[in-house]
Amino acid sequence: MGISHVVNAAAGRFHIDTGPKFYKDLPVDYYGVEAEDDPNFDLSIYFYPVARYIRAALNSPRGLSSVFSSRLQVGLSVFQGRRLHLHGKKPKTMDPRTILQILDPDEDYYTPGAFELERLFWKGCPKYTHVNEVWPNLYIGDEKTALDRYSLEKEGFTHILNAAHGQRNVDTGPEYYHDMTVEYHGVEADDLPTFNLSQFFYSASKFIDNALQDERNKVLVHCAMGRSRSATLVLAYLMIYKNMTIVDAIEQVSRHRCILPNRGFLKQLRELDIALALQRRNTKSS
């Protein structure tokens, strides 16, 4: 058959458990999607990344693609039908390449699904240290870093954003740094997927951006571990003020520090990314 690419829409131990190792002796490129054949399962989060993968495969010199399971085939067809319906056109059988162009035109950017974003964190990261510079004069650190006033002063930190502010978290506050030339900003957040951290995205980002207007300033953003809450706020800053996509921001920070926002925060960052992408498109078209 000459299949060169395989998309498994039922990947996982309890489904069709193949994976790249199963095809290690074949010239096959593998892409797995862990999906449930359940009405409540949101398969739509995989439509765009899988469409991109299939299109890239079909455009390659040896591009013959196979999609296991009707789940994604149906999903892509339904999505295409809805797009045509919106334009007053009757859906019809189309060449797969045409469907992929409708789903994912070259000129548009689409936010990857949560699973695709999580895979970015699996690529490996630098060895863990208490604090890392992830952008010029912008650092992510942990509780130990925030409590060490001597080292903070020695390293020249001028601004501190505590993403775990409060009595039950990292209870510092402006009083803790009262004898230092430090400007403090506290965000009282819990590291829970259900917590709405997005309400602080713009205020925290503004604090960081105002501080970095002066190249002599150094900003520490921290929480307890320096992996979830603080990392999420830094990612939001890079997206809002540095015009990065969520993928660009994650890759930028992950090159310098091991981070892992919880799934709820990642979902909120996706929503921010979608809103910012729409904003950019509207600005471009106006």
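Be aware that the sequence shown starts at 199, since it is given in the working numbering, and climbs by one per residue.
Even glycine gets a Cβ: it sits at the ideal position worked out from N, Cα and C.
Just so we're clear, the structure is a prediction, and the values are computed from it rather than from any experiment.
- Residue environment analysis places LEU350 among the buried positions, since at least 16 neighbouring C-beta atoms fall within 10 angstroms of its C-beta.
- Put simply, the region 305-320 does not touch the region 395-409. Fewer than three CB pairs are less than 8 angstroms apart.
- The beta carbon of MET442 is closer than 8 angstroms to those of LEU436, GLN450 in its chain, skipping five residues each way along the sequence.
- Nearest C-alpha to HIS376 among ALA362, HIS357, ASP389: HIS357.
- Cβ-Cβ distances below 6 angstroms link GLU341 to VAL368, ALA422 in the same chain, with the five nearest sequence neighbours on each side left out; the list follows chain order.
- For VAL432, the three-state secondary structure derived from DSSP is helix.
- Excluding residues up to 5 positions away in sequence, ASN335, THR356, HIS357, ALA409 lie with their Cβ nearer than 7 angstroms to the Cβ of ASN415 in the same chain.
- The region 320-359 contains, as complete alpha helix (DSSP H) runs of 4+ residues, the segments 341-345, 347-353 (chain order).
- One Cα belongs to PRO218, the other to PHE313, and the distance between them is close to 17 angstroms.
- Here the alpha carbon of ALA473 sits roughly 43 angstroms from the alpha carbon of ASP223.
- Its chain contains ALA387, GLY462 as the residues whose beta carbon lies nearer than 7 angstroms to that of PHE393, once the 5 sequence neighbours on both sides are disregarded; these appear in chain order.
- Per DSSP, the beta-bridge partners of GLU381 are HIS357.
- Inclusion of SER452 and GLY339 in the CB contact set at 9 angstroms is not warranted, their separation being larger than that value.
- Boundaries of the alpha helix (DSSP H) harbouring LEU467: 461-483, taken from the DSSP string.
- Nearest Cα to ALA233 within the set TYR251, ARG253, ARG211: ARG211.
- Around the C-beta of LEU315, 16 or more other C-beta atoms lie within 10 Å, and the residue is accordingly described as buried.
- In the displayed model, VAL451 falls within a helix according to three-state DSSP.
- TYR244 sits buried, since 16 or more C-beta atoms from the chains shown fall within 10 Å of its C-beta.
- When HIS383, VAL231, THR309, PRO247 are compared, the shortest CA-CA separation from ASP446 is found for THR309.
- Inclusion of ALA434 and LEU470 in the CB contact set at 9 angstroms is warranted, their separation being smaller than that value.
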